[in-house]
Structure formats: C-alpha cells, structure tokens
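Participant: For reference, the structure I am asking about is given below.
Residue numbers (my numbering), protein chains in the order written: chain A, 777 to 1100; chain B, 777 to 1100.
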C-alpha cells in the first residue's frame, strides 16, 4: 500500500520522464508547454490510488493514468479556445500564446496521445478500458456543449446544471477510479461502485470549485475571486440565489446581472453580499456535503480492507475542502 | 469476392443506417450534417476491398471502416476551420453554417466516434488495430501542421512537399488497406505490403488532386479550377514550376505569385499558360504515373489470386484518373 505522497511523486516523475517534444516542433511545443505546467494531477493520482486499493500493480496503471491526464489537458486546451480564456494555471493559454489554429491542432494531437497512453495496458483489458475511455470522452464533449448552451439559455434548472457538471467533470473523476480498479482486476461490481463514488465525488468537487470562485480565499484558490459572477456563469450559486431570492433581493440580483456597466469589483462585492444574506454559501456547503456523504457511503460499502481506504478518503476530503 | 459496386453500396447503406443525431442536438447536428453529405467514401471502401482480397468477412470490417471515414471527416471539419474554408462538397462548412466553437467541439466528438467505430472489432485484433489507427491519426495531424508551416515557409522542396502529403493524405489510404488486411487476418508481411501500396497510391492520389485543381475539367473535378493558384499553395505544380522556370518565365511567375492585386481569373489563366509552356502538366502526370507504377509493382507482388486483384486495381486506377 502506497501513500498519497508516494503516488503523487510517481505521477510527477512519470511526466518528468516523458518527452512530448518531436518534429514538427510547432505542433508539439504547445503540447509540451501544456503538460509541463503540472497542475494537481488529480485524475492520474486517482487511477493509481484505485489500482492500489484493489491490490493491483500500480506500475501497470502509470501509462493509462497519464493518458487520462493528457485527455483532461486536451479538453482544457480546446475549452480555452471556446471560452476565449487568456490564462490557465497562471500562464498564457495556448491559443493566446500561439493562435487558435495551433491550439486546435495541438489539441487534436494531444487527444491521439491520450489514446496512445490509455492503450498501454494489458491486451486482455484493452476492450473494457477503451469502452470506458470512449464513453467518458464522449460524455465530456456533451458536458462542454451543455455548458455552452446554458450561456445563452434563458432558464436553466439546478437539475440541468448538475447533469452538465456530471458530464463535464464528474465522469472523468469516475473514469479515473474505475480505470484503476479495472487494471487491478477488481470485481466488476466493485469497479462500478468506485465509478459511482467518483460521480458523487466529482459533483462535490465541481460544486466546491464553484463555491471557491465566489467565497474562496484568493491565496488558497490561486485565482481571482468572482470570475463566475463577472461572466454571469449559471453556477449552482447563481441558480440557487435566483431560486430563493424574493422582493428587493431578486430585483437587485436581476439588476446586477443585467447591467454590464457596473464595474466588476463593485458587482462582485454586491452580489456576494446578497448571496450571504440569502445564505447561498450555506446552501452550497450543504450541497457539497450531501454529495460527499453519498460518495462516502458508497466508498464505505466497498469490499476492501479498512486500512486501505485512508489515502483515497484523504484525497477525496481534500478535493472538497474538508480539513480532516 | 465482391464487386466494387457492391462494396460501395454496402458502405453507403451502413452510413444510411447509422443514427448520429443525439442529445445535445447542437453537438450532434453538425456531425450528422457532415456524415450525411456522403462524398466518395474511398477509405471505408478500401477497407472492405482489402478485407475481401484476403478472404476476410467484410461484415466484420464495416464498423472499423466507418470509423476511418468518420475520422477523415473529422480532419476535414477541423482543417476547414484552420483554412477558413467556406465550402466543402458544395455545401457550407460547419464553422460557417454554425460557428468555430461548434466546429471544434463537434469535431472532437467525431474523433471519439471514430475511435468507437474503429474499436468495434474482434478483441484479439484490437491492440494491433488501435496501434495502427493511433499511429495514423498522429501522422495526419503532423501532416496538417507541415501543410500550415509551408504556407509561411519561404523555401519548400519537392521532397518536403511529398513528406507532407504522405503524412496528411497517404497514410490514411495505407491505413485503410492495412486495416482490411488485419481484419481478414492476412499475414503481417502481406498486410504491410498493402500498406506500402497504399502510401504510393495515396501520393499518386494527392498529386492527381493537385493536377486537377489546375488542369482539371470543372464538370469532373466538382469545384472551381485554380484554387491552389489563387491561394498560392505550394503544391507539386508550383514547386516544380519554380524549379524549372528560367529567365522571363521565372520573373513572370514570381510577379504573378507576389501581386495580390491581379484579379483571380487573370492570375489563374496566366499561371496555367506558363505552367503549360514549362510542361508542368506533363511533369505532374509523370510523377503520378511513377507513384502509380510503384504502387502496382507492390500490389502485384501480393500473394493473392489473380482474379481478386481486379476491384482494388480498378478503384486505384480511378483514384489517379486512369481510364482503364
């Protein structure tokens, strides 16, 4: 059984050892730039943790785990074009540093790379691994489409929002865990439980991300607070606020979100004050807690030794901002 | 043994039977639009012909063959964004009919679909099939990058140009043939020969496309003549012309390709006249013929019954504009 620290270092060293720079340089330089930036590498770490949980050889999971991380970074690269985002992890995005065409084509190539790495698994497991990865990749694309649809869609329900983040974020977390279980040759029922755990964890994780965007500490969150408010993103917080607001609060929120002339800092401050008055922070934390509890319940029903649960449980708690 | 006609119809009906329209509609509508346009379906037809050539069950090749066609259409969709092309097969391109973001994301989803279809093969063959497809997809991306590099690169050699079209076009033709051979469980040496045949055929095919863009009959070519001249594309014709031109011809060509003010029709006519004087049409036909002869030589060395060769040979001849 490996510690979370050990597994994080194993993934870091795997990426440090990989050489992504080939000819033509213009194609591979943005790929190398993207994958060298690091990030938390949550997905490949989950693959190895899940593999270890079921007594598998984590070395057999390293390449497929890298494949999921490469896929995740590919989706960020293309999403950043679609969202016209200037920064990612504090650095210029590929389409800004180079251009849109480079970002499209280097992204496509990363997608192939992801498949190459995911396919580095025992031949006997390949059909199942590939089915899982294809299904996940398709759903992530669908999630991104719903996310874009919601930007211009007048009415979005909290249920629709959760369906979107399930597709866009949670299925890849779930896929990571299930992939590790498959490589460890866990019982299918157990692997599926781990997938369901990943869905609930992924929902909690995305809601936590939404929470931090508005109520986070800049120093911990690592990016400016209020981005979602300024871009009028229909997050859980936004949707919940419009669900519970009445009278003056509703009128004020409507005004704030429909008046582009309000300076960003003023808008953010005012919206946060109304959110606090409406207890949106509490509602959101309750929602996160609910999904985390669902996740824990599924996790605890797994047929694995008690002492093996600690590392995943620790990482999962960290993903949703729990201290212990 | 099946006729070319039968196999073309089998592929058409397979696409007619497939339903690509799912929720979210905005994601899948452009995919359905693209795949319903048809086109010549050369790649999937080659898969089935190659499978049949080695006595395989063509029904087992239908889904993987569709996967290659979906992949090909995905590359066209993303290439059309990068080239800002308004039309494809006489219809509006996806990024024009919808927008760039839709074209990016629907393209990504088509790429997943391509993998899903390619993976619909016997589990025992999956590792080899996937290795071939990954390798091909990567090379096609590299080819597109070289193609974009050459637009702004001052000096491009004919050798570099051929390396580019080998990656961008020929490897997918080669992959189609080899995939059919693999599914038919042909000897690896034979499958590799068919791949090499496909490379030479693919080179001849792309050179023929270049030839037709300048010297073709609009009615047969199906698009306007002279597109490559107007966009100053560094095709074989262009590179050969600058290789052999001397004195006034060279000066005139240089002037024509460096003076954006010249009206397109005038430019095309004048360039074609110089090309004819320099016998670029003959050089190009010789080049096509050379690669076609290379292809034929490899093809004839295959260990298959004589009467089985006819259909592929017929299609191959058609691809490079041979009457017989």
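Using N, Cα and C, we set each Cβ at its ideal position, and we do this for glycine too.
Remember, predicted model here, so these are calculated numbers, not experimental data.
Looking only at its chain, what residues have a beta carbon closer than 7 Å to the beta carbon of residue 914 of chain B, apart from the 5 residues adjacent to it on each side?
Facilitator: Nothing meets the Cβ criterion.
Participant: Would DSSP call residue 1078 of chain B helix, strand or coil?
Facilitator: In the structure shown, residue 1078 of chain B sits in coil (DSSP, three-state: anything other than H, G, I, E or B).
Participant: Check whether the stretch 887-897 of chain B touches the stretch 842-851 of chain B, taking contact to mean three or more Cβ pairs, one atom from each stretch, closer than 8 Å.
Facilitator: In short, these stretches touch, since the Cβ pair count reaches three.
Participant: Which residues in the same chain have their Cβ closer than 7 Å to the Cβ of residue 893 of chain B, if we skip the five residues on either side of it in sequence?
Facilitator: Correct list, in chain order: 839, 840, 842, 843 and 846.
Participant: Would you say residue 799 of chain B lies against chain A (beta-carbon separation less than 9 Å)?
Facilitator: So yes, residue 799 of chain B belongs to the interface.
Participant: Among the candidates A:816, A:805 and A:803, whose CA atom is the shortest distance from the CA of residue 783 of chain A?
Facilitator: Checked all of A:816, A:805 and A:803; the closest Cα to residue 783 of chain A is A:816.
Participant: I'd like to check one pair, residue 977 of chain B with residue 1066 of chain B: are the Cβ atoms closer than 9 Å?
Facilitator: Cβ distance not < 9 Å, so residue 1066 of chain B and residue 977 of chain B don't count as in contact.
Participant: Can you pull out the residues from the stretch 834-867 of chain B whose beta carbon lies closer than 7 Å to at least one beta carbon of chain A?
Facilitator: Residues 854, 857 and 858.
Participant: What's the call for residue 1036 of chain B, buried or exposed, on a 16-neighbour Cβ count within 10 Å?
Facilitator: With fewer than 16 other Cβ atoms within 10 Å, it is exposed.
Participant: Which residues bound the alpha helix (DSSP H) around residue 1051 of chain A?
Facilitator: Residue 1051 of chain A -> alpha helix (DSSP H) spans 1040-1053.
Participant: Could you tell me whether any Cβ in chain B is nearer than 9 Å to the Cβ of residue 880 of chain A?
Facilitator: Output row for residue 880 of chain A: interface = yes.
Participant: Kindly identify the DSSP beta-bridge partner or partners of residue 867 of chain A.
Facilitator: Partner(s): A:864.
Participant: Would residue 829 of chain B and residue 1084 of chain B qualify as a contact pair, given that the criterion is a beta-carbon distance under 9 Å?
Facilitator: Contact flag set, yes.
Participant: Taking only the alpha-carbon atoms, compute the straight-line gap between residue 1086 of chain B and residue 969 of chain B and give it to the nearest angstrom.
Facilitator: So the two alpha carbons sit approximately 17 Å from each other.
Participant: Using only the alpha-carbon positions, how far apart do residue 936 of chain B and residue 831 of chain A sit?
Facilitator: C-alpha separation (whole angstroms): 51 Å.
Participant: State yes or no: is the beta carbon of residue 951 of chain B nearer than 9 Å to at least one beta carbon in chain A?
Facilitator: So, not an interface residue.
Participant: Could you name the residues of chain B that residue 923 of chain A contacts, counting a contact when the two beta carbons are closer than 9 Å?
Facilitator: By Cβ distance, chain B contributes nothing, its closest Cβ being about 10 Å from residue 923 of chain A, past 9 Å.
Participant: Name, going along the chain, the residues of the stretch 903-935 of chain A whose beta-carbon falls closer than 7 Å to a beta-carbon of chain B.
Facilitator: Correct list: 903, 906, 910, 913, 914, 917, 918, 920, 921, 922, 924 and 925.
Participant: Relative to the C-alpha of residue 1071 of chain B, which residue among B:928, B:986 and B:953 is closest?
Facilitator: The shortest C-alpha separation from residue 1071 of chain B is found at B:953.
Participant: Can you confirm whether residue 796 of chain B, when its beta carbon is compared against all beta carbons of chain A, has any partner nearer than 9 Å?
Facilitator: Not closer than 9 Å to any Cβ of chain A, the Cβ of residue 796 of chain B fails to qualify, so no.
Participant: Along the stretch 884-904 of chain B, where does the CB come closer than 7 Å to a CB of chain A? Name the residues.
Facilitator: Those residues of the stretch 884-904 of chain B that come within reach of chain A (Cβ to Cβ, closer than 7 Å) are 884, 885, 887, 888, 891, 892, 895, 899, 902 and 903.
Participant: Taking the continuous alpha helix (DSSP H) assigned at residue 778 of chain A, which residues delimit it?
Facilitator: No alpha helix (DSSP H) holds residue 778 of chain A; DSSP gives it neither H nor E.
Participant: Nearest-angstrom Cα distance between residue 1100 of chain B and residue 819 of chain A?
Facilitator: Residue placement at residue 1100 of chain B is flagged as unreliable, the pLDDT there being 46, under the threshold of 50; the coordinate-derived value follows with that caveat. So the alpha carbons of these two residues sit roughly 57 Å apart.
Participant: Between which two residues does the alpha helix (DSSP H) carrying residue 1029 of chain B extend?
Facilitator: Its alpha helix (DSSP H) spans residues 1023-1032.
Participant: Residue 803 of chain A versus chain B: which residues are under 8 Å apart at the beta carbon?
Facilitator: The contacting residues are 917, 918 and 921.
Participant: Any beta carbon from chain B within less than 9 Å of residue 993 of chain A's own beta carbon?
Facilitator: Taking Cβ atoms only, chain B never reaches closer than 9 Å to residue 993 of chain A, which makes this a no.
Participant: Buried or exposed for residue 1004 of chain B, going by 16 or more other Cβ atoms inside 10 Å?
Facilitator: Classification for residue 1004 of chain B: buried.
Participant: Using a beta-carbon distance below 9 Å, is residue 1070 of chain A in contact with chain B?
Facilitator: Output row for residue 1070 of chain A: interface = no.
Participant: Do you know offhand how far residue 823 of chain A's Cα is from residue 862 of chain A's?
Facilitator: Distance between the alpha carbons of residue 823 of chain A and residue 862 of chain A: 30 Å.
Participant: Would a check of beta-carbon distances place residue 968 of chain B closer than 9 Å to chain A?
Facilitator: No, because no Cβ of chain A sits closer than 9 Å to the Cβ of residue 968 of chain B.
Participant: Go ahead and pull the three-state DSSP assignment for residue 982 of chain A.
Facilitator: Helix at residue 982 of chain A.
Participant: Do you know offhand how far residue 1079 of chain A's Cα is from residue 1062 of chain A's?
Facilitator: Approximately 28 Å, taken between the alpha carbons.
Participant: Helix, strand or coil for residue 888 of chain B? Go by DSSP, reduced to three states.
Facilitator: Helix at residue 888 of chain B.
Participant: Can you name the residues of chain B whose CB is closer than 7 Å to the CB of residue 877 of chain A?
Facilitator: Near residue 877 of chain A (Cβ distances below 7 Å), the residues of chain B are 858 and 924.
Participant: From residue 870 of chain A to residue 1093 of chain B, what distance separates their C-alpha atoms?
Facilitator: Using only the alpha carbons, I get a separation of about 43 Å.
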